[in-house]
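In what follows, a structure is listed as structure tokens, so that the remarks can point back to it.
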Amino acid sequence: MNPLVLGDSDAVHIGDEVFIIGAPFGNAHSLTVGHISARRTPTDLFGGIEPVELLQTDAAINEGNSGGPMFSMDGMVIGVVSHILSKSGGSQGLGFVITSNLARNEMLEKKPFWSGIDGYQIPPDWAEIFNIPTAAGILIEGVAAGSASAAIGLQPGSFRAEIEGQKLTVGGDIILAIQGIPVGTKNFGIKVEQAINELEDEELLELKVLRRGQIISLTRPMGELR
84 MNPLVLGDSD AVHIGDEVFI IGAPFGNAHS LTVGHISARR TPTDLFGGIE
134 PVELLQTDAA INEGNSGGPM FSMDGMVIGV VSHILSKSGG SQGLGFVITS
184 NLARNEMLEK KPFWSGIDGY QIPPDWAEIF NIPTAAGILI EGVAAGSASA
234 AIGLQPGSFR AEIEGQKLTV GGDIILAIQG IPVGTKNFGI KVEQAINELE
284 DEELLELKVL RRGQIISLTR PMGELR
């Protein structure tokens, strides 16, 4: 078995032909073909996603394609399928792919950090619903066993609820800030990642959390979380 080769996504141009291999709706080894339509930063289209570059494609993307490779016509991996914006819920929409250079930087060149959080960012207009004292927060729906989030003591939700059509697991912790950086701050994810990467093993990672109506601090030496 030959490994796939990561190409240079900076060399990709609008109009280039591409193909995607994935398993839409569980149908393995499905191939779709299209073109690079645009290069986007999420601030162009989506409010809360961090401003990393995405490739937009007209190649069909459906449920099950996420995480699959997008190839240039010479067989180099130039991206990893992220998501689609679609009014119908099908492949008719805008498909977005994380660039291979970003994937290389995050997964191969940096020391990976697994938070183990299954969470949902509470929008500002829901702050009163969740009784949070800040403009935004991260609702902890699940915590993976053996993860950094479990080690620091985050507690997941315990029952399901539906708010404005969004089904959530509620009753768990709500993160208000990480390393003093409030949730909802511009470029929050990038700033938190930078702050975490700068911590030495003996230094503390600190989370400000709302738990059952009380604001508490959770801390743990970074070396125990890596």
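Using the numbering used here, the first residue of the sequence shown is number 84, and each one after it goes up by one. By construction, the Cβ of each residue, glycine as well, lies at the ideal position given by its N, Cα and C atoms.
Point to revise | Between the CA atoms of I279 and A143 - distance to the nearest angstrom | key: The residue labelled residue 143 in the question sits at position 60 within the sequence shown. The residue labelled residue 279 in the question sits at position 196 within the sequence shown. Taking the straight line from one Cα to the other gives about 37 Å.
Exercise for review: Would you kindly report the start and end of the unbroken beta strand (DSSP E) that includes R122?
Suggested key: Working through the sequence shown from its first residue, we reach residue 122 at position 39. Note, R122: beta strand (DSSP E), S113 to R123.
Exercise for review: Compute the beta-carbon to beta-carbon distance between S232 and G263, rounded to the nearest angstrom, for a pair I have assumed lies under 8 Å.
Suggested key: In the sequence shown, counting from the first residue as 1, residue 232 sits at position 149. In the sequence shown, counting from the first residue as 1, residue 263 sits at position 180. With 8 Å as the limit, S232 and G263 do not qualify as a contact, their Cβ atoms being about 18 Å apart.
Review point. Do D91 and H118 have their CB atoms nearer than 9 Å?
Key: Here residue 91 refers to the residue found at position 8 of the sequence shown. Here residue 118 refers to the residue found at position 35 of the sequence shown. No.
Check your understanding: So which of A111, L251, R295 and D284 has the shortest CA-CA distance to G225?
Key -> Locating residue 225 in the sequence shown gives position 142, counting from the first residue. Answer by Cα proximity: L251.
Check your understanding: Looking at the structure shown, is G90 part of a helix, part of a strand, or coil, going by DSSP?
Key -> Mapped onto the sequence shown, residue 90 falls at position 7. If DSSP states are grouped into helix, strand and coil, G90 belongs with coil.
Exercise for review: Go ahead and label N110 buried or exposed: buried means 16 or more other beta carbons lie within 10 angstroms of its beta carbon, across all protein chains shown.
Suggested key: Within the sequence shown, the letter at position 27 stands for residue 110. It counts as exposed.
Review point. Does the stretch 215-229 come close enough to the stretch 179-189 that 3 or more CB-CB pairs lie under 8 Å?
Key: With the cut-off at 8 Å, the stretch 179-189 and the stretch 215-229 do not touch.
Check your understanding: Three or more beta-carbon pairs under 8 Å between the stretch 146-160 and the stretch 87-105, yes or no?
Key -> Verdict: yes, contact present.
Practice item. Put K274 into one of helix, strand or coil per three-state DSSP. Key: As a first step, residue 274 is located in the sequence shown; it is residue number 191 there, counting from the start. Looking at K274 - three-state DSSP - the assignment turns out to be helix.
Check your understanding: For the candidate residues G255, E281, A228 and K291, whose alpha-carbon lies nearest to that of I261?
Key -> Here residue 261 corresponds to residue number 178 of the sequence shown, with the count starting at 1. Answer by Cα proximity: K291.
Check your understanding: Rounded C-beta distance between V266 and I273? I'm assuming under 8 Å.
Key -> As a first step, residue 266 must be located in the sequence shown, where it is residue number 183. As a first step, residue 273 must be located in the sequence shown, where it is residue number 190. Beta-carbon to beta-carbon, V266 and I273 are separated by about 13 Å, too far to satisfy the 8 Å threshold.
Review point. Do L137 and S165 have their C-beta atoms closer together than 9 Å?
Key: Residue numbering aside, residue 137 sits at position 54 when the sequence shown is read from its first letter. Residue numbering aside, residue 165 sits at position 82 when the sequence shown is read from its first letter. The Cβ-Cβ distance between L137 and S165 falls below 9 Å.
Review point. What residues in its chain sit with their C-beta under 6 Å from that of N148, if we drop five residues either side in the sequence?
Key: Here residue 148 refers to the residue found at position 65 when the sequence shown is read from its first residue. The residues are G105, P107 and V164.
Point to revise | Opening and closing residue of the alpha helix (DSSP H) in which S183 lies | key: Along the sequence shown, read from residue 1 onward, the residue named residue 183 stands at position 100. Its alpha helix (DSSP H) spans residues S183 to R187.
**Study point:** Coarse secondary structure for L282, derived from DSSP in three states
**Key:** One-based indexing of the sequence shown puts residue 282 at position 199. Residue state, collapsed to three classes: coil.
**Study point:** Whole-angstrom distance between D99 and N184, CA atom to CA atom
**Key:** On the sequence shown, residue 184 is found 101 positions in, with the first residue counted as 1. On the sequence shown, residue 99 is found 16 positions in, with the first residue counted as 1. Rounded to the nearest angstrom, the two C-alpha atoms are 17 Å apart.
**Study point:** Inter-residue Cα distance where the pair is D201 and L237
**Key:** Looking up residue 201 in the sequence shown gives position 118. Looking up residue 237 in the sequence shown gives position 154. Each residue's alpha carbon lies about 11 Å from the other.
Point to revise | Straight-line gap, V101 to N145 (C-alpha atoms, nearest Å) | key: Sequence index remark: in the sequence shown, residue 101 carries index 18 (1-based). Sequence index remark: in the sequence shown, residue 145 carries index 62 (1-based). Whole-angstrom Cα-Cα distance: 16 Å.
Point to revise | Between the CA atoms of M84 and K269 - distance to the nearest angstrom | key: In the sequence shown, residue 269 corresponds to position 186, counting from 1. In the sequence shown, residue 84 corresponds to position 1, counting from 1. Across the structure, K269 and M84 are spaced so that their CA atoms are roughly 43 Å apart.
Review point. Which first and last residues belong to the beta strand (DSSP E) in which I144 is found?
Key: Stepping through the sequence shown from its first residue, residue 144 is reached at position 61. Looking at the DSSP string, I144 is not in any beta strand (DSSP E), and its letter there is neither H nor E.
Practice item. Within its chain, find whatever has a CB closer than 7 Å to the CB of W197; leave out the 5 residues flanking it on each side and keep chain order. Key: Looking up residue 197 in the sequence shown gives position 114. Excluding residues up to 5 positions away in sequence, S230 and A231 lie with their Cβ nearer than 7 Å to the Cβ of W197 in the same chain.
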